[in-house]
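Beneath this line is the structure, given in structure tokens, with notes to follow.
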């Protein structure tokens, strides 16, 4: 296990550099960031040159990338075009998005897996058909439509929630935004769990456990569920990074100043340091989440061993 973890950590190094380089190049081809600093009027050449020199934009892209990565390893993610440190933006944004992601993941695990197990054990029955139709509708409806409808109905018409989340963004105010963020993933988790449960239910080891006279609950939890959760855990693990980076729409609807909000502002203002800094951290989150998922395989299925 230890050698496997070390090998995976070494494999993460080129992936990390490759992903950050790709993002750095993509952000740099979006346009001239200095032009956005001067508003509608074009910057005069002297001002533009001074700004480029101040932010290191007068150097070749490869040199900018090497300088940036060298600063990252010292904890310096650069300065945004408004003069604020990117690390300060991160310290304010990431805790909010982490709380939002936790709420979304809890909804996925509790509701998605529960409905998946329920429908997988009752495949072909009315409840199975209803859940499949509902999840299909949820997948088909865009997230911004779901968010706006819930905000209008629950926030404006019924007054159950605040239409806009406060700057502190406590967990109780993030329940509905978390449900909106998790809605599509929750539907996929439900359908994936249902399919896995239905397939493994006919496996030999389940029939053997039933033939031994084991209680139904033990057969489901100790044998059927643990083996069926492997593809579900894979999906949820990869979904962590996607939820944190893909929360732009949800955070815009509910006025949540998290990672998605800062990424949107950074792209809008063509702030290279902000966008690349936040995406760099998201790449690390995605890599760590995938490593944890791989290690969880051996916990769920003892037959899996790592050399």
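Numbering (the numbering used here), first residue to last: 111 to 417. Each residue gets a CB set at the ideal place from its N, CA and C atoms; glycine is no exception.
Just confirm the distance between the C-beta atoms of residue i and residue j, as a whole number of angstroms; I'd bet it's less than 8 Å.
| i | j | result |
| --- | --- | --- |
| residue 218 | residue 329 | So it is not a contact: roughly 25 Å between Cβ atoms. |
| residue 292 | residue 214 | 4 Å |
| residue 364 | residue 287 | 5 Å |
| residue 284 | residue 275 | 7 Å |
| residue 383 | residue 190 | 6 Å |
| residue 188 | residue 178 | 7 Å |
| residue 360 | residue 257 | 6 Å |
| residue 354 | residue 253 | No, residue 354 and residue 253 are not in contact; Cβ-Cβ is about 15 Å, not under 8 Å. |
| residue 391 | residue 351 | No, residue 391 and residue 351 are not in contact; Cβ-Cβ is about 10 Å, not under 8 Å. |
| residue 261 | residue 280 | Rounded, the Cβ-Cβ distance is 18 Å, inconsistent with contact. |
| residue 393 | residue 137 | About 13 Å; that fails the 8 Å criterion. |
| residue 133 | residue 389 | 5 Å |
So for residue i, helix, strand or coil by DSSP?
| i | result |
| --- | --- |
| residue 169 | coil |
| residue 195 | strand |
| residue 222 | helix |
| residue 184 | coil |
| residue 269 | coil |
| residue 278 | coil |
| residue 236 | helix |
| residue 314 | helix |
| residue 287 | helix |
| residue 252 | coil |
| residue 404 | helix |
Among all the DSSP beta bridges, which residues are the ones paired with residue i?
| i | result |
| --- | --- |
| residue 189 | 195 |
Complete beta strand (DSSP E) runs within the region 316–395 (minimum length 3 residues, chain order): Taken in chain order, no unbroken stretch of beta strand (DSSP E) lies wholly in the region 316–395 with a span of 3 residues or more.
Take every Cβ of the region 115–131, pair it with every Cβ of the region 367–378, and state whether three or more of those distances are shorter than 8 Å. Verdict: no, contact absent.
Are at least three pairs of beta-carbons, each pair with one atom in the region 329–339 and one in the region 168–178, less than 8 Å apart? As far as the Cβ criterion goes, the region 329–339 does not touch the region 168–178, which means the pair count is below three.
Specify whether the region 223–232 and the region 297–312 touch according to this definition: at least 3 beta carbon pairs, one from each stretch, less than 8 Å apart. Touching, yes.
Should the region 304–317 be regarded as contacting the region 227–237, the criterion being three or more beta carbon pairs within less than 8 Å? At 8 Å Cβ cutoff, the stretches touch.
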